[in-house]
Amino acid sequence: METLNFDLDVKPLREVNQFLHGDASGLNGKKVVIENPNGAHNIAVGLKSEVDVTIKGHAGYYAAGMNQLAKVTIEGSAGSGVAENMMSGHVHVKGFASNAAGATANGGLLVIDGDAGLRCGIALKGADIIVGGSVGSFSAFMAQAGNFIILGDAGEGLGDSIYEAKVFVRGTVKSLGADCEKKTTSAEDRKILADLLVKAGYADVNPDSFQQYGSARTLYHFHVDNAGAY
Amino acid sequence: MCGIVGLLVRNPKLRDSIGELMLPMLIGMTERGPDSAGMAMFTAPVAADARKFSLYAGVTDFNWTKLGHDFEKHLSIKATIEPKANHAVMTTTLEPATVKIWLKEHYPQLHLLSVGQLMDIYKDIGTPAQVAERYDFKNFKGTHLVGHTRMATESAVTPAHAHPFTAGEDWCLVHNGSLSNANSLRRKLQHEGIEFETDNDTEAACRFLQWRMREGDDLQTALNHGFEELDGFYTLLMGTSTELALVRDPYGCKPAIIAEHDDYVAIASEFRSLAHLPDIKNAKVFEPSPKEMYVWKL
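Chains as they are written, first to last, in the working numbering: chain W, 5 to 234; chain S, 125 to 422.
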């Protein structure tokens, strides 16, 4: 595989991102390494080809946001909004991630090996998120679709006003948000969980060690008691 | 927005270069706070019976020599004055209450920024790079420091509104965030006899902690009261004679990142400001949890 190196100490980030936004035919299958990210914001945002990008250090805000098709690996930590609104592809953070990781992500896979901050997976719309550590408060708020696997603990208000996303937690949950409740894991959901653990590099983790959470569906259905109001 | 930086140097060999280590941290926060900057620097202490007074004149042609002469003439005691642009650090053994009254009476145009045995404060309008240049931040020597870059959102851009704020000797605070109930807090605290210098929301938080500590709270207890009464978003970084302390609001709305290394502890709003620090690759870099107090001692 052809590898291209960019050093952000000498190359402006805008030029690197413009290169990564180039025609897919020239990028598919290529490997790009970004050295000295030093916490810069917006690295590898808006990719739309099957390029493999490695960020060798800590990334700032919105790294790999709006990702499509690409595989982005961040070897350090990620600032707020990593893989925000991802559509497809694979984003892997080897360190920790700050607030709102994977917010509104529609598709693809986000793996965070460390902890994630507050509001992880907020308004999740179909992507899969696996966090090796713990997540902060208000995670999976209004999460609509997708699977959210937490190997550690969850903070306060997990899954507040959740729709149909499936949340699996191995550790403890400080508190559940409104309309979020414990679920019994079906054979079908267990398979989703087991497959995702393998896909994310956590094949040694027992799928039966998780508690599933989801929507009690009392908030978003029309309630017949309200019929008189219309 | 606003940016905060803090640095506590554990390795005594690096303390003479704390200014150089800090400068890229402060400048790294320019995008978060381009309109003013400030720095509280903890240096070697003055003699046990002396105090340093950080003064701000507002004009660069202020006659500091005359201030020294007047002080000695009126009070029959010496004061050494080290001017830097429109700031000066005055050191004297006269007790602080008398100095404050004398300054108010004879030099009402001067702002007293801080009193202490170790802490000097410099704050002014301008980009962080301009302010750092004006007060020669690069050549600071000392043990620890607390810095701020300001993007004003709720009150005027003036040197007095810039951070850090102080609430007692060798005690300072910087803030990233905004408070919604600063006015009601101020009114409440004024009833308690707490004096304010500005209408800045950070000053309200600072005076709130000052009031709680006056009532006997330690810092942790004062901050616990703060969680109940400060309505808004905040990351607060505080400096005392021997420590740095950090706290984030319960919703984690404002950022902070910490690098702990054998040689130093560095705190900033974003990693961008820590990237240049020596051997940062081997530091423990982490994000502080909301509603938890972190303290690093010298």
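Beta carbons are placed, not taken as given, at the ideal position from N, Cα and C, and that holds for glycine. Predicted, not measured: the structure shown is a model, and the values here were computed from it.
When the Cα atoms are used, S:Ser393 and W:Glu192 turn out to be separated by approximately 43 angstroms.
The Cβ of S:Glu219 sits no closer than 8 angstroms to any Cβ of chain W. For a Cβ distance threshold of 8 angstroms, residue set Arg396 of chain S lies close to W:Ala44, ordered along the chain. Counting every other CB atom within 10 Å of its CB across the protein chains shown gives W:Gln216 a total of 16 or more, marking it as buried.
Counted as a single uninterrupted DSSP element, the stretch harbouring S:Pro288 is not any alpha helix (DSSP H), since DSSP gives it neither H nor E. S:Phe410 belongs to the set of residues whose beta carbon lies under 8 angstroms from a beta carbon in chain W. Under the DSSP assignment, W:Gly130 falls outside any alpha helix (DSSP H), being part of the beta strand (DSSP E) whose first and last residues are Lys129 to Val135. According to the DSSP secondary-structure assignment, W:Ser179 is paired through a beta bridge with no residue. Here DSSP, grouped into helix, strand and coil, assigns S:Met243 to strand.
Here S:Pro252 is buried, its C-beta having at least 16 other C-beta atoms within 10 Å.
Legend: CB atoms of the segment 154–175 of chain S lying less than 7 angstroms from CB atoms of chain W are not found in any residue. Taking one beta carbon from each stretch, the segment 234–243 of chain S and the segment 170–179 of chain S have 3 or more pairs nearer than 8 angstroms; the two touch.
Close partners of W:Gly83 in chain S (Cβ separation under 8 angstroms): Pro379, Glu394 and Phe395. For a cut-off of 8 angstroms, the C-beta gap from S:Leu333 to S:Gly356 is around 15 angstroms, too long to register as a contact. The C-beta of W:His62 has 16 or more other C-beta atoms within 10 Å across all chains shown, which makes the residue buried. Setting aside the 5 residues that flank it on each side, S:Ala161 is surrounded in the same chain by Pro252, Val255 and Thr273, each with a C-beta closer than 6 angstroms to its C-beta; the list follows chain order.
The beta carbon of W:Phe214 does not come within 8 angstroms of any beta carbon belonging to chain S, so the residue lies off that interface.
In the assembly as shown, S:Tyr388 is a buried residue. Its beta-carbon has 16 or more other beta-carbons within 10 Å. Neighbours of W:Asn103 in chain S, taken as residues at a C-beta separation under 7 angstroms, are given in chain order as Gly376. In the structure shown, the three-state DSSP call for S:Arg310 is helix. With a 10 Å radius around the Cβ and a threshold of 16 neighbouring Cβ atoms, S:Phe166 comes out buried.
For S:Pro207, DSSP records a beta bridge to S:Ala212.
Judged by DSSP in its simplified three-state form, S:Ala390 adopts strand. Within the same chain, Asn71, Ala109, Gly112 and Ala131 come within 6 angstroms of W:Met90 by CB-CB distance, once the 5 residues on both sides are set aside. According to DSSP, residue pairing for S:Glu384 in a beta bridge involves S:Val389 and S:Lys408.
Here W:Leu201 has Ile134, Ile153, Ala207, Val209 and Pro211 as same chain residues with Cβ atoms under 8 angstroms from its own Cβ, once five neighbours each way along the sequence are excluded. Between S:Val419 and S:Ala380, the beta carbon gap of about 14 angstroms keeps them out of contact (Cβ cut-off 8 angstroms). Within chain S, no residue has its CB atom less than 8 angstroms from the CB of W:Phe10, the nearest being about 16 angstroms off. When Cβ pairs closer than 8 angstroms are counted between the two stretches, the segment 316–323 of chain S is seen not to touch the segment 214–232 of chain S, the count staying below three. Contact check for S:Leu297 against S:Leu354 fails: the beta carbons are separated by 8 angstroms or more. When only Cα atoms are considered, W:Lys187 and S:His299 end up about 42 angstroms apart.
Put simply, the CB of S:Pro414 is near chain W, with a gap under 8 angstroms to one of its CB atoms. Inter-segment contact for the segment 157–168 of chain W and the segment 217–231 of chain W is present: three or more beta-carbon pairs are separated by less than 8 angstroms.
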